[in-house]
Amino acid sequence: MSGENRGYALELKNVHKTFNAGTINEKVALEGVELQLEDGDFVTIIGGNGAGKSTMLNAIAGVWPVDTGSIVIGGTDVTSLPEHKRAKYLGRVFQDPMTGTAKTMSIEENMAIAARRGKRRSLKWGVTKEEKERYKAMLKTLDLGLEDRLTSKVGLLSGGQRQAVTLLMASLQKPNLLLLDEHTAALDPKTAAKVLALSDKIIEENGLTAMMVTHNMKDAITHGNRLIMMHEGRVIYDVRGEEKRNLHVSDLLAKFEEVSGGEFANDRMILA
Amino acid sequence: MILLSLNPLSLFRAMPGACAQGLIWGIMALGVYITYRLLDFADLTVDGSLALGGATAVMLIRAGVNPWIALIAAFAIGMLAGMITGLLHTVLGIPGILSSILTQISLYSINLNIMGKSNQAINVDQYKLVVSLRYISGDALSKFMFYGGVIGGCLVLIAILYCYFGTEQGQAIRATGCNMNMAKAQGINTNFHTVLALMISNGLVGLCGGLYAQYQGAADVNMGRGAIVIGLAAVIIGEVLFGKFCAKRKMAFAFTLMSVIVGAIIYYIVIAFVLWLKMPSDDMKLFSALVVAIFLWIPELKGKHSKKGVAKQ
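Each protein sequence line maps, in turn, to chains W and F. For what it's worth, this note's numbering labels the leading residue of the first sequence as 794, then goes sequentially. For what it's worth, this note's numbering labels the leading residue of the second sequence as 38, then goes sequentially.
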């Protein structure tokens, strides 16, 4: 279908994924996900454990191939592309601060690697002088004192610092889509708030399209222009704009109870 | 009583040979460092690719090829061996260590085929060899030329590796070895870079095999047996003794590579010392394994004692 409407930043069509199919551990993770993101959408994603939030992000990133359905990013069908080829279109920040950076490499090397996302790795010098200046300036905006530690190994940084650097890395090459997978869940509340504010800033300044999985319903309401709720591998609720702004945590809880037949009692959710 | 029967002079006389061996095997240890430390891949191809490099170099020299060209060929064929291991792992999905064992075993047959029998000699009088045992027992000039050449060669290799691992491609290899998830998320083709690193590593091992065969004047199908242990010993000894020293330097990576070669030299000095103590040479492999085990244990031991003061993250 070449006459397809361009314009969607992301389009998921009938995406299915079952893990360990045919075994005793069979788990249906995605069951026909349908989702369209407009350019510039910042979508927060909530749902209970096992609802398929992270699985959906991993499906988009190509961590494994999906069983059926298609994934189109900015008009390009990436369904059959391996993870490293899809990276060209994606910026990613993970739940575990250790995942997004290479700890035995320096801050500037990590950033330089990210700046070459989607490009061929040649025999040119890995970090140029101009880059160092640019990174230094960017790190300064974080206000974490990292601008003087360009050559420090990332492994020496705290979890919050690493997430902040990973966020910067994700925006060095402007991605078509930024995937934030519970990227503040492993941080203490104060650091989490800082990293969240930084995420907002980077998304706004670069005009990025973004998806953020969170367990915190208040965050899900206050950040982004759109909110979706997932349940049993499907998108079951999708609000945006004015309607989203007027949401309350109690509305979301009611919604959860409705879809889970009243027996919804995930303490992680309620505490949030 | 036994000590009295030992001649200190003979230990002294064993030192030049130990240093020469250490320098040559240090090149192999650089290869082991690349897979073991940078790529985080336990590569046992080494035992086979060392003999492969030796066999190839010796047969080419016997066929009249220039010994320098023979070394380049040994490097190239070592890369090929590394590529096989890499493809077994990345394309067929065989676990890394098992892939390397498969290559190692098949190389045993291949090496026998290359040589036609289990060993082949080259006479230093007949060919103009790059390195030879003979040179270190010769006059002062030939000694100087030998050590100058080998040390210079090692430094050039270190410089090349230092630069390479600072390039975009070298960084991609390091990222692949350090954090595969991060590498993939940054668009790095981790399979390609895994194969590439294995090729560079085994190329160095093949080069070492070619040099060592020339040094001892023969290639033997068993010359690589236990090579991985020597390589690991060099890497670990270097790390344990010079790790802190290297980390503080500006060009830390170059110093680390140097410490690997120094580690290999120390290993051979220790071996020479043990042989001097009249330990039976049959027990040498057992002894090498012990040395590696002890040095691998040291960081663990240090960790246990220093953990008290370190707060949990």
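Don't be surprised by glycine CBs; every beta carbon is placed ideally from N, CA and C.
Secondary structure at Gln223 (chain F), three-state DSSP: helix, strand or coil? coil
Which residues of chain W have a Cβ atom closer than 7 Å to the Cβ of Cys215 (chain F), listed in chain order? Ala895, Lys896, Thr897 and Met898
Distance check for Cys215 (chain F) and Pro104 (chain F), CA to CA, integer angstroms please. 38 Å
Closer than 7 Å by beta-carbon distance: list the chain W residues that pair up with Met219 (chain F), in chain order. Thr892, Gly893, Thr894 and Ala895
Three-state secondary structure (DSSP) of Asp993 (chain W): helix
Beta-carbon proximity of Val242 (chain F) to Val83 (chain F), cut-off 8 Å: yes
In whole angstroms, what is the alpha-carbon distance linking Leu129 (chain F) and Arg913 (chain W)? 25 Å
Can you tell me whether DSSP reads Met116 (chain F) as helix, strand or coil? helix
At a CB-CB cut-off below 9 Å, which residues of chain W make contact with Asn226 (chain F)? Pro875, His877, Lys878 and Arg914
Runs of 4 residues minimum, wholly inside the segment 189-240 of chain F: which ones carry the alpha helix (DSSP H) assignment? 205-215 and 217-222
Residues near Asn813 (chain W) by beta carbon distance below 6 Å, same chain, minus five either side: Glu819
Name the DSSP beta bridge partners of Lys820 (chain W), please? W:Phe812
How would you write the range of the beta strand (DSSP E) that Arg262 (chain F) sits in, first residue to last? Note, Arg262 (chain F): premise wrong, no beta strand (DSSP E); not H, not E.
Residues in its own chain within less than 7 Å of Thr227 (chain F) by CB, not counting five upstream and five downstream? Thr213, Met217, Ala220 and Lys221
Taking C-beta pairs closer than 7 Å, name the residues in chain F that Ala907 (chain W) reaches, listed in chain order. Gln223
Where Ala158 (chain F) falls: helix, strand or coil (DSSP): strand
Taking 8 Å as the threshold (beta carbon to beta carbon), is Lys917 (chain W) in contact with chain F? yes
Where Leu991 (chain W) and Met1004 (chain W) are concerned, what is the direct C-alpha to C-alpha distance, given to the nearest angstrom? 15 Å
Beta strand (DSSP E) containing Arg1019 (chain W): first to last residue? Arg1019 to His1024
Beta strand (DSSP E) containing Met962 (chain W): first to last residue? Unbroken run through Met962 (chain W) is the alpha helix (DSSP H), Gly952 to Leu965; no beta strand (DSSP E).
I want to see whether chain F comes within less than 8 Å of Gly833 (chain W), judged by CB atoms only; does it? no
Endpoints, alpha helix (DSSP H) assigned at Ser86 (chain F): Val83 to Arg99
So if DSSP puts Met1005 (chain W) in a beta bridge, which residue, or which two residues, is it bridged to? W:Thr837 and W:Leu973
Could you run through the segment 188-206 of chain F and flag, in chain order, every residue whose CB is less than 7 Å away from some CB of chain W? Gly203, Thr204, Glu205 and Gln206
So, helix, strand or coil for Leu323 (chain F), using DSSP? helix
For Trp334 (chain F), which of helix, strand or coil comes out of DSSP? helix
Does any CB atom of chain W fall closer than 8 Å to the CB of Arg211 (chain F)? yes
Whole angstroms is fine: what's the gap from Ile838 (chain W)'s alpha carbon to Thr1015 (chain W)'s? 12 Å
In chain F, which residues lie less than 9 Å from Arg910 (chain W) when you measure between Cβ atoms? Ala222, Gln223, Gly224 and Ile225
8 Å Cβ cutoff, Lys967 (chain W) in contact with chain F: no
Beta carbon proximity, Lys881 (chain W) to chain F, threshold 8 Å: yes
Determine whether the Cβ of Arg885 (chain W) lies closer than 8 Å to any Cβ atom of chain F. yes
Is Gln208 (chain F) close to chain B? Criterion is C-beta to C-beta, closer than 8 Å. The chain labelled as chain B is not found among the protein chains of the depicted structure, namely W and F.
Collapsed DSSP secondary structure at Ser174 (chain F) in the structure displayed: coil
Proximity test, Cβ basis, 8 Å: Glu1051 (chain W) and chain F: no
Between Val307 (chain F) and Val329 (chain F), how many whole angstroms is the CB-CB distance? I'm expecting something under 8 Å. About 11 Å separates the two Cβ atoms, so there is no contact after all.
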